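From first to last, the protein sequence lines stand for chains A and B. According to this note's numbering, the residues represented by the first sequence are 273 to 506, in order. According to this note's numbering, the residues represented by the second sequence are 251 to 536, in order. Structure first, then comments.
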Amino acid sequence: MAIDALTLTDIDAYYGDSHVLHRVSLTLKQGELLALLGRNGAGKSTTLATVMGWLKPRPGRISVFGEQIGGLSPEAIVAKGVALVPQGRRIFPSLSVRENLIVAARGKGRWDMERVFDTFPRLRERKSQAAGSLSGGEQQMLAIGRALMSNPRVLMMDEPSEGLAPQIVAEVGRIIAGLREEGLSILLVEQNLDLAMSLANDVVILNTGRVAAFGNAADIARNQDVIDQNLGVF
Amino acid sequence: MQFWIIQTLNSLAMGGLLFLLSAGFSLIFGLMRIPNLAHGGLFMLGAYVGAMCMQWGVPFWLAAIAAGLAVGALGTVLEGGLLRRMAGNEQGQVLITLGISFIIADLCLLTWGGDPVPLDAPRMLRPPVFLAGFAFPGYRLAVLAFALIVALGLWLLLERTRLGAMIRAGVDDRLMARSVGIRVSRLFSAVFFLGAFLAGLGGVIGGPILSAYPGLDTDMLPLALVVVILGGVGSLPGALVGSFLVGIIYNFGTALFPDFAYVILFLPMVVMLVVKPSGLFGRVTR
Ligand SMILES: Nc1ncnc2c1ncn2[C@@H]1O[C@H](COP(=O)(O)OP(=O)(O)OP(=O)(O)O)[C@@H](O)[C@H]1O
Ligand SMILES: [Mg+2]
């Protein structure tokens with residue numbers, strides 16, 4: 273049996289006294305893409321924050337390729353091979369594009385600055401520019417490139433299509449598909465259902481901090497009731 | 251004519267010295283948000299430690315570096331032992347650094363007494379330098395040159411190295427920086443060491459001009475504050491320009507209007523606080 277890339281077992285998480293995640297469990301299999309879906313405020317970002325060490329899981333267990341990471345600092349979790357493309361991108365605005373990439377470089381692996389520039393030629397054109405002056409799409413590419421610079425084994429992406437023009441969304445989708453083909457294990461949070469379903473192997477749906485449904489992407493996509501109940505509002 | 255030229259040189263030399271004093275203050279405040287009111291005390295302690303080393307026969311520049319290292323080590327202990335526990339609590343940090351500066355002042359008084367302790371300039375730099383028919387004090391020219399070299403070195407470190415980019419990333423977004431693997435708190439400790447090192451070094455470099463005396467700390471701290479407010483907190487170019495501005499204002503002010511020296515010094519600061527609180531080169535804090 274292959275070791276899973278990322279498993280969360282019965283995670284609870286709090287912001288102060290407010291109890292946001294309730295016994296969340298999920299499994300990201302090696303080399304696959306798991307989509308984490310849910311309405312605004314369902315707890316998707318909180319789940320990623322807990323994996324990244326921004327919040328302590330209490331109780332609950334998190335493991336990466338079989339190693340426990342629950343309770344470690346973000347620095348230590350990066351060293352275990354986890355990288356995050358956060359919601360809102362959070363690139364370092366006063367640093368140049370190049371500097372945003374080099375500060376995140378670690379380990380030897382497939383990814384270095386040249387490869388990021390080959391993947392995102394727009395970033396090479398703007399490598400000396402302050403990252404804060406990039407367009408939203410370019411900032412998203414930079415946030416993805418920055419995460420890849422650490423040569424992660426598990427990549428977490430939080431709504432990478434948020435606020436982007438349709439053709440850029442399609443480009444981001446192609447890039448994510450390429451990363452999955454390469455064997456990277458990806459946990460993708462999305463509000464764009466079509467994009468998520470086209471990329472995912474499995475799907476987990478959160479509703480108010482609880483796992484409401486999980487399963488194979490094709491099965492979930494066919495189950496209109498589950499989608500309406502947990503994702504539809506419109 | 252001679253008056254203007256000599257005063258200008260004095261202003262620039264004092265500006266160089268002020269830069270050594272305030273660069274560390276500005277970095278620590280700008281990068282770590284710690285208002286280190288003990289910075290004047292660290293400067294004074296550096297001057298005393300340097301004087302002591304020189305009495306033991308250590309040559310000037312080695313004494314300056316030794317004083318910088320000693321003061322830097324003390325700064326690191328204070329940062330790791332006290333200030334880090336109060337991260338984000340600026341009011342607490344103001345009070346505790348003020349308390350530390352009183353303790354440093356008392357310990358200096360106990361150890362070295364109330365009389366000023368002179369520091370001799372290196373022999374090589376004592377003779378005047380003749381330029382365009384005027385005699386310039388050689389040591390002051392050297393202080394100016396040294397400060398410019400330090401400024402260039404700091405700028406290269408912060409703006410042209412990976413380490414500098416990591417520090418700036420930590421300032422931009424601390425949690426995100428940690429989440430790409432940057433050990434921000436370790437880096438900031440290093441910045442604090444560097445700032446304290448510069449203060450201690452500056453105390454010795456300033457020694458031949460100012461000497462070491464009780465009250466040197468409280469004479470210097472307000473000048474560093476004015477420099478940083480004029481130039482902009484956390485900005486290296488701001489600290490450099492602010493230092494020269496204060497050097498010029500202070501020298502010409504005391505020479506031309508001796509009765510109003512303090513007004514002339516602090517008025518521009520008040521004006522800056524009203525017109526552009528972020529200073530000449532300051533970033534608007536988000
Ligand atoms: N820093 C915080 N402090 C307190 N409560 C928070 C904080 N961040 C999020 N929350 C709350 O936690 C719950 C889950 O938020 P979370 O950001 O995880 O949702 P999400 O699924 O990522 O939503 P979105 O799709 O809008 O990004 C929400 O009720 C939110 O209001
Ligand atoms: Mg979110």
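Ideal Cβ positions, reconstructed from N, Cα and C, are used throughout, including at glycine. This structure is a prediction, so every number in the text was calculated from the model and none was measured.
C-beta atoms of residue i and residue j nearer than 8 angstroms
i                      : j                      : result
residue 516 of chain A : residue 457 of chain A : The shown model of chain A, from 273 to 506, leaves out residue 516 of chain A, and the question about it has no answer.
residue 357 of chain A : residue 432 of chain A : yes
residue 471 of chain A : residue 449 of chain A : yes
residue 492 of chain B : residue 513 of chain B : no
residue 494 of chain B : residue 262 of chain B : yes
residue 276 of chain B : residue 489 of chain B : yes
residue 329 of chain B : residue 442 of chain B : yes
residue 365 of chain A : residue 419 of chain A : no
residue 503 of chain A : residue 309 of chain A : yes
residue 234 of chain B : residue 453 of chain B : There is simply no residue 234 of chain B to check, as chain B begins at 251 and stops at 536 in what is shown.
residue 306 of chain A : residue 318 of chain A : no
residue 440 of chain B : residue 434 of chain B : no
residue 422 of chain A : residue 379 of chain A : yes
Whole-angstrom distance between residue j and residue i, CA atom to CA atom
i                      : j                      : result
residue 258 of chain B : residue 324 of chain A : 56 angstroms
residue 506 of chain A : residue 286 of chain A : The pLDDT assigned to residue 506 of chain A is 47, lower than 50, so where the model puts this residue is not dependable; a value taken from the coordinates is nonetheless given after this. The alpha-carbon atoms of residue 506 of chain A and residue 286 of chain A are separated by roughly 29 angstroms.
residue 278 of chain B : residue 293 of chain B : 14 angstroms
residue 443 of chain A : residue 316 of chain A : 23 angstroms
residue 303 of chain B : residue 313 of chain B : 6 angstroms
residue 413 of chain A : residue 500 of chain B : 51 angstroms
residue 389 of chain B : residue 390 of chain A : 54 angstroms
residue 241 of chain B : residue 360 of chain A : No information on residue 241 of chain B is available, as it lies outside the stretch 251 to 536 that chain B covers here.
residue 368 of chain A : residue 299 of chain B : 41 angstroms
residue 460 of chain A : residue 289 of chain A : 28 angstroms
residue 284 of chain A : residue 274 of chain A : 26 angstroms
residue 392 of chain B : residue 450 of chain B : 18 angstroms
residue 360 of chain B : residue 316 of chain B : 21 angstroms
residue 467 of chain A : residue 330 of chain A : 32 angstroms
residue 516 of chain B : residue 403 of chain B : 30 angstroms
residue 306 of chain B : residue 518 of chain B : 43 angstroms
residue 458 of chain B : residue 371 of chain B : 5 angstroms
residue 478 of chain A : residue 299 of chain A : 14 angstroms
residue 322 of chain A : residue 333 of chain A : 10 angstroms
residue 492 of chain A : residue 476 of chain A : 9 angstroms
residue 536 of chain B : residue 412 of chain B : Confidence in residue 536 of chain B is poor, its pLDDT being 38 and thus under 50, which makes the residue's placement too unreliable to answer from.
residue 363 of chain A : residue 415 of chain A : 6 angstroms
C-beta neighbour in chain B for residue i, strict 8 angstroms
i                      : result
residue 331 of chain A : no
residue 371 of chain A : yes
residue 383 of chain A : no
residue 378 of chain A : yes
residue 364 of chain A : yes
residue 388 of chain A : no
residue 418 of chain A : yes
residue 375 of chain A : yes
residue 358 of chain A : yes
residue 410 of chain A : no
residue 506 of chain A : Confidence is the limiting factor: at residue 506 of chain A the pLDDT is only 47, short of 50, which leaves the residue's position unreliable and the question unanswerable from this model.
residue 461 of chain A : no
residue 350 of chain A : yes
residue 431 of chain A : no
For residue i, the three-state DSSP class (helix, strand or coil)
i                      : result
residue 356 of chain B : helix
residue 340 of chain A : strand
residue 287 of chain A : strand
residue 276 of chain A : coil
residue 392 of chain A : coil
residue 488 of chain A : strand
residue 276 of chain B : helix
residue 447 of chain B : helix
residue 535 of chain B : Because residue 535 of chain B carries a pLDDT of 47, less than 50, the predicted location of this residue cannot be relied on, and the following value inherits that uncertainty. Note: residue 535 of chain B maps to coil in three-state DSSP.
residue 454 of chain B : helix
residue 351 of chain A : helix
residue 460 of chain A : strand
residue 411 of chain B : coil
residue 474 of chain A : strand
Neighbour flag for residue i against chain A, beta carbons, 8 angstroms
i                      : result
residue 424 of chain B : no
residue 337 of chain B : no
residue 485 of chain B : no
residue 544 of chain B : Because residue 544 of chain B is not part of the residues shown, which for chain B are 251 to 536, the question remains open.
residue 428 of chain B : yes
residue 283 of chain B : no
Residue i: CB within 7 angstroms of a non-hydrogen atom of ligand 4
i                      : result
residue 501 of chain A : The model on display carries ligand 1 and ligand 2 but not ligand 4.
Review point. Should the region 458–476 of chain B be regarded as contacting the region 313–323 of chain B, the criterion being three or more beta carbon pairs within less than 8 angstroms?
Key: Touching, no.
Review point. So does the region 392–402 of chain A actually touch the region 362–379 of chain A, counting three or more Cβ pairs closer than 8 angstroms?
Key: By the Cβ criterion, the region 392–402 of chain A is in contact with the region 362–379 of chain A, since at least three pairs of Cβ atoms, one from each stretch, lie closer than 8 angstroms.
Practice item. Take every Cβ of the region 489–499 of chain A, pair it with every Cβ of the region 444–463 of chain B, and state whether three or more of those distances are shorter than 8 angstroms. Key: At 8 angstroms Cβ cutoff, the stretches do not touch.
Exercise for review: Report yes or no: do three or more beta-carbon pairs, one from the region 371–385 of chain B and one from the region 395–415 of chain B, lie closer than 8 angstroms?
Suggested key: At 8 angstroms Cβ cutoff, the stretches do not touch.
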